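J.:
Protein chains: 2
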Amino acid sequence: MSRDKKVSQEKPKEIKPSQEGLTVKKDENFSEWFTQIIQKTELADLRYNVKGFLVFQPWSVLSMEKMYYYLEKVLQKKGHKPYFFPTVIPESNLKKESSHIGGFTPEVFWVTHGGDKELEEKLALRPTSETAFYQMFSLWIRSYNDLPFKTYQRANVFRHETKATRPFLRSREFHWIETHCAHESEEDAFRQVKEDMNTTKEVLHDIFGLPFIFFERPSWDKFPGASRTFAADVLNPDGKVIQQPSTHMLSQNFSKAFDVKFKDKDGKEKLAWITCYGPAVSRIFASVIIVHGDDKGLKFPFEIAPLQVAIVPINKDDDKLIKKSKELKKEIEELGLSVEVDLSEKRPGEKFNYWEMKGVPIRIDLGLKDLENKKITIFRRDTDKKEVVPEKDAIKTIEKISKEFTKNLIQKADKIFEGRIKDSENLSGIKKIIENNGIARISFCSTEKAGTSCAAKIEKETGAFVRGTKFDEDKKLSTNSKCAICSKKANHIVYVARAY
Amino acid sequence: MSRDKKVSQEKPKEIKPSQEGLTVKKDENFSEWFTQIIQKTELADLRYNVKGFLVFQPWSVLSMEKMYYYLEKVLQKKGHKPYFFPTVIPESNLKKESSHIGGFTPEVFWVTHGGDKELEEKLALRPTSETAFYQMFSLWIRSYNDLPFKTYQRANVFRHETKATRPFLRSREFHWIETHCAHESEEDAFRQVKEDMNTTKEVLHDIFGLPFIFFERPSWDKFPGASRTFAADVLNPDGKVIQQPSTHMLSQNFSKAFDVKFKDKDGKEKLAWITCYGPAVSRIFASVIIVHGDDKGLKFPFEIAPLQVAIVPINKDDDKLIKKSKELKKEIEELGLSVEVDLSEKRPGEKFNYWEMKGVPIRIDLGLKDLENKKITIFRRDTDKKEVVPEKDAIKTIEKISKEFTKNLIQKADKIFEGRIKDSENLSGIKKIIENNGIARISFCSTEKAGTSCAAKIEKETGAFVRGTKFDEDKKLSTNSKCAICSKKANHIVYVARAY
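If you read the protein sequences in the order shown, they are chains A and B. Counting in this note's numbering, the first sequence runs from 1 upward without gaps. Counting in this note's numbering, the second sequence runs from 501 upward without gaps.
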């Protein structure tokens, strides 16, 4: 076996967290912007001494914990029950579903020893947990009364990526949720796929503020072991899409491999239909940073901000200001929001820049003059504007901003996203859209094997990929539409984009 | 290297979750009671096909998530910031502190391959994360202004236990929190140890209802790499104590190994003083089950119950009862409590037993007669009594019970615990206390090496161990006290107990 020396990792330049802002613009040098924002706002330290692994710092962890909270709340509401499965999966489990193991083995980290003893069977650090869940499903599911059987777990998964890693976007360990569900019928399973699509909309769009398209992937781009794969693509400013939650119709493939059977109403033993869904929280966090951040720094949607309100007393040694700051803090906390009074040694201007870079939604600048005039100055990071309000209206105003904030972020993000999607009818048109960092919508011959040569042509000419069809959209195709590449009859509307 | 075939694991008998209650009594056959309760109440499935690893089921996960919530809340309030460190630690890190690696290497799971490639350096699945955190501390800490530097992470840790494993109590993967803090001085570090002790009291005792003694361990029983080790011992009905959170004075041992230095007020570069603390949530959960459970099943402290209120409409097909159940559910939810209406196919009696076994704190039995009389029957699992109250007082009563509930559990547990601690003055007395499943308090010569022969004598004669001294208690020792074993001058009051 050859030694693992080839893999490149984006070399972490040692950028110190500092009061200095970002030195590049997001739209001009996105890659550098992303590297700077991670390090300058202290989201993660990239200097850990194992390739592709990072140390998540408090500013990302606090936000990701809130992301977990919203995801789990919605999943539990929809009847998913939480489990913790072991981090390790025996090799023999992974081998049970042949296409699954084919897809994952090259990326598996293997545990081979316990102390100085070789293990009887080597253990995979789970790259995903189908082969752990479904062997237990076969023990737990007996009858149609047990179905749908809806589970999830919050867990870390591990992939020995052979591509270059990028912090949050593609790391060798990531933090995610995976749901696994067993159903009576194909229809029930597909209903679950649609439910997953709605969950993605309710949480990723409506709370995290991420615009996306939920695609069905072409047959050549399915999850190993799935019969159909669906996934949400989010767009980066550099025109590359990132795959966010994917949901898979595993049909009866894994039920066969793991003997997941149930006795149906008619008394017959049947194989269960299985679906799974995987929101990768640490990767979704990357999209939150990328979609909302700007040239001044981070912008957090209100609900998932690590800190929601910062209070800056302009003169940090003035007793009256400190007293007022603490009073305000208490009142704001009573709204259920997180607040901090900044009593650090920095100058006020530095503090303003610091909290803006950190993406705190609301900042209250408290000066002596305001105090005399019974006014409060509120800076909001959604619009980057200051509002001066009478002291007595402060709490009411903060409550109002807290409700508008994420909506404003969503509106802006949606507009940018929609503006990037353009129709095209031929290869040169697609090329132009891709070069302008957009997503091309085209008529296309086939998302089955038949379409691969057209997909290959697109990839060769533009560096972009057929990402798939959008749910229910093929209906809009007129009967005489032709494939933008081969001019044969078009059966689908597909989207073409560059990707990570 | 020899193959790992020796390790025994408590063989999971296949006990089916069932309406039938427990068939043994906790005080008569504790070991069997523990195995039954885990399986019959569906806390964990022990049939996962890797030795020493288990599948945590919803009923334990929901409660453990609440335990995490309270622990993290208190830690954050005390200034600890959350991190996520990688699950893997390079071998070279583990080797940097010589006594640490000596203590942990025999128990480390090693990752040696990524895909089919051998890794350049083998990676440990973290058995604990000192050697990951402190290399980053050396990058993050610069000056006394950065201190105290207080961190924590929620994480899974892995130990290839060579002793027999027991679910929750000693598994090969467990769910925990570890805190790591750097300080300016030994005094500050010791202040942290006392803070950790208070955290243990505030959370483990006052919320989870666990009585414990916080010991300083004898010098021969320290954490590998620590200069002093403190730990909370909780008592099982079989007279064995379980070590719950431990906190360690690592002094400057790891600072030296990992170069954790800071510039002090006097301009001099100094080594930081380090402490760490590790509440193992999945193990604490075991104590919650063991301390509060009874012959009918689980009893959860109110705050960490997976479900707090169950409503059982006696006739589940009666529209009026269903309607009233749902109204009550809504009102109780408005108190911030979790509620379920049981509309399953079971008979009412079965439902009552089921919820009692599951340890739900409050059950509302809703019958037609009660409905007519505008009464509500409330069963509370703390006292195992029913209360019939006017319908209009239902919510008020539930609120009242929710506030008394855990206090009642604590009171009962404290009484049992205190009753088990007995003073003794000689070996035969110790033996008697240990045989009656108690903890013996004795005068003792030395917790340094000098005392080992007395400790060995105790172990040989009684099977029990010197667990340590209790904070500040040695002061109570009279000047002419003698060691209960060797009769030389006693310097300590120590506690002796059997242990897992």
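Cβ atoms here follow ideal geometry from the backbone N, Cα and C, with glycine treated the same way. A quick note: this is a predicted structure, and the numbers were derived from the prediction, not measured.
Return the Cβ separation of Pro648 (chain B) and Asp688 (chain B) in integer angstroms, given the expectation that the two are a contact with Cβ distance under 8 angstroms.
T.: The Cβ separation is near 6 angstroms, so the contact holds.
J.: Using C-beta distances below 7 angstroms, list every residue in its chain close to Lys505 (chain B), excluding the 5 sequence neighbours before and after it, in chain order.
T.: Low confidence applies to Lys505 (chain B): its pLDDT is 36, below 50, so where it sits in the model is not reliable, and the reading given next is rough at best. So no residue of the chain qualifies.
J.: For Gln76 (chain A) and Tyr68 (chain A), I'd like the C-alpha separation in whole angstroms.
T.: Near 12 angstroms, if we compare the C-alpha coordinates of Tyr68 (chain A) and Gln76 (chain A).
J.: Three-state secondary structure (DSSP) at Lys824 (chain B)?
T.: Residue state, collapsed to three classes: helix.
J.: Please check if any C-beta of chain A sits within less than 8 angstroms of the C-beta of Pro590 (chain B).
T.: At least one chain A Cβ lies under 8 angstroms of Pro590 (chain B).
J.: According to the neighbour-count rule (16 or more other Cβ atoms, all chains shown, within 10 Å of its Cβ), is Lys761 (chain B) buried or exposed?
T.: Classification of Lys761 (chain B): buried, given that the 10 Å Cβ count is 16 or more.
J.: The segment 610-631 of chain B: which residues have C-beta closer than 9 angstroms to a C-beta of chain A, in chain order?
T.: Listed by position along the chain: Trp610, Val611, Thr612, His613, Gly614, Gly615, Asp616, Lys617, Glu618, Leu619, Glu620, Glu621, Lys622, Leu623 and Leu625.
J.: Does the segment 177-196 of chain A come into contact with the segment 313-323 of chain A, if we say contact requires no fewer than three beta-carbon pairs (one atom in each stretch) closer than 8 angstroms?
T.: Touching, no.
J.: What are the start and end residues of the alpha helix (DSSP H) that includes Phe417 (chain A)?
T.: From DSSP, the alpha helix (DSSP H) with Phe417 (chain A) extends over Ala394 to Arg420.
J.: In angstroms, rounded to a whole number, what distance separates the CA positions of Val889 (chain B) and Ile876 (chain B)?
T.: The straight-line gap from Cα to Cα measures roughly 5 angstroms.
J.: By the criterion of Cβ-Cβ separation under 8 angstroms, what are the contact partners of Thr897 (chain B) in chain A?
T.: The contacting residues do not exist; Thr897 (chain B) stays about 27 angstroms from chain A at best.
J.: Using CA atoms only, rank isn't needed, just tell me which of B:Lys740, B:Glu630 and B:Pro737 is closest to Asn753 (chain B).
T.: Of B:Lys740, B:Glu630 and B:Pro737, the residue nearest in Cα terms is B:Glu630.
J.: Is the CB-CB distance between Leu522 (chain B) and Asp795 (chain B) below 8 angstroms?
T.: The answer is yes: Cβ separation under 8 angstroms.
J.: How long is the line joining the alpha carbons of Gly463 (chain A) and Ala456 (chain A), rounded to whole angstroms?
T.: Spanning the two alpha carbons is a distance of roughly 10 angstroms.
J.: Give me the Cα-Cα distance between Lys270 (chain A) and Ile713 (chain B), rounded to the nearest whole angstrom.
T.: In a straight line, the C-alpha of Lys270 (chain A) is about 55 angstroms away from that of Ile713 (chain B).
J.: Name the chain A residues whose beta carbon is nearer than 7 angstroms to that of Phe584 (chain B)?
T.: Per Cβ cutoff of 7 angstroms: Phe56, Val61 and His175.
J.: Could you check the C-alpha separation between Thr897 (chain B) and Leu571 (chain B) for me, to the nearest Å?
T.: Each residue's Cα considered, the two are about 28 angstroms apart.
J.: So the beta strand (DSSP E) His100 (chain A) belongs to, where does it begin and stop?
T.: Counting along the chain, His100 (chain A) falls outside any beta strand (DSSP E), though it belongs to the alpha helix (DSSP H) covering Ser98 to Phe104.
J.: Checking the sheet assignment: what are the DSSP bridge partners for Asn156 (chain A)?
T.: DSSP lists A:His175 as partners of Asn156 (chain A).
J.: Show which residues of chain B have a CB atom less than 8 angstroms away from the CB atom of Asn156 (chain A).
T.: Under the 8 angstroms cutoff, chain B gives Thr587 and Asn656.
J.: How big is the Cα-Cα spacing for Leu868 (chain B) and Asp819 (chain B)?
T.: Spanning the two alpha carbons is a distance of roughly 11 angstroms.
J.: Pick from A:Thr406, A:Glu65 and A:Gly468: whose alpha carbon is nearest that of Cys445 (chain A)?
T.: The option with the nearest alpha carbon to Cys445 (chain A) is A:Gly468.
J.: Note down the Cα distance separating Ile901 (chain B) from Lys885 (chain B), rounded to an integer number of angstroms.
T.: Using only the alpha carbons, I get a separation of about 12 angstroms.
J.: Taking only beta-carbon atoms, is Phe471 (chain A) less than 8 angstroms away from chain B?
T.: It does not: the Cβ of Phe471 (chain A) has no partner Cβ on chain B nearer than 8 angstroms.
J.: According to the Cβ coordinates, are Gly297 (chain A) and Met249 (chain A) closer than 8 angstroms?
T.: Not closer than 8 angstroms, so no.
J.: Hey, is Lys358 (chain A)'s beta-carbon within less than 8 angstroms of any beta-carbon in chain B?
T.: So no, Lys358 (chain A) is outside the interface.
J.: In whole angstroms, what is the alpha-carbon distance linking Thr775 (chain B) and Ile242 (chain A)?
T.: Spanning the two alpha carbons is a distance of roughly 41 angstroms.
J.: Leaving out five residues on either side along the sequence, give the residues of the same chain with a beta carbon under 6 angstroms from the beta carbon of Pro306 (chain A).
T.: Cβ within range, chain order: Trp59, Leu62 and Ser63.
J.: Among residues of its own chain, excluding the 5 on either side of Val788 (chain B), which ones have a beta-carbon nearer than 6 angstroms to its beta-carbon?
T.: The residues are Phe708.
J.: Starting from the beta carbon of Leu639 (chain B), find every residue of chain C whose beta carbon is closer than 8 angstroms, and list them in chain order.
T.: No chain C is part of this structure, whose protein chains are labelled A and B.
J.: So the alpha helix (DSSP H) Cys954 (chain B) belongs to, where does it begin and stop?
T.: That run of the alpha helix (DSSP H) goes Thr952 to Thr962.
J.: Helix, strand or coil, according to DSSP, for Pro890 (chain B) in the structure here?
T.: Strand, per DSSP.
J.: Which residues mark the beginning and the end of the beta strand (DSSP E) in which Pro745 (chain B) is found?
T.: Pro745 (chain B) -> beta strand (DSSP E) spans Lys740 to Ser751.
J.: What residue range does the beta strand (DSSP E) around Gly225 (chain A) cover?
T.: Counting along the chain, Gly225 (chain A) falls outside any beta strand (DSSP E), and DSSP gives it neither H nor E.
J.: How many Å lie between Asn991 (chain B) and His600 (chain B) at the Cα?
T.: Rounded to the nearest angstrom, the two C-alpha atoms are 29 angstroms apart.
J.: Going by Cα to Cα distance, which pick from B:Lys932, B:Gly579, B:Ala786 and B:Arg728 is closest to Tyr652 (chain B)?
T.: Tyr652 (chain B) has its Cα closest to that of B:Gly579, out of B:Lys932, B:Gly579, B:Ala786 and B:Arg728.
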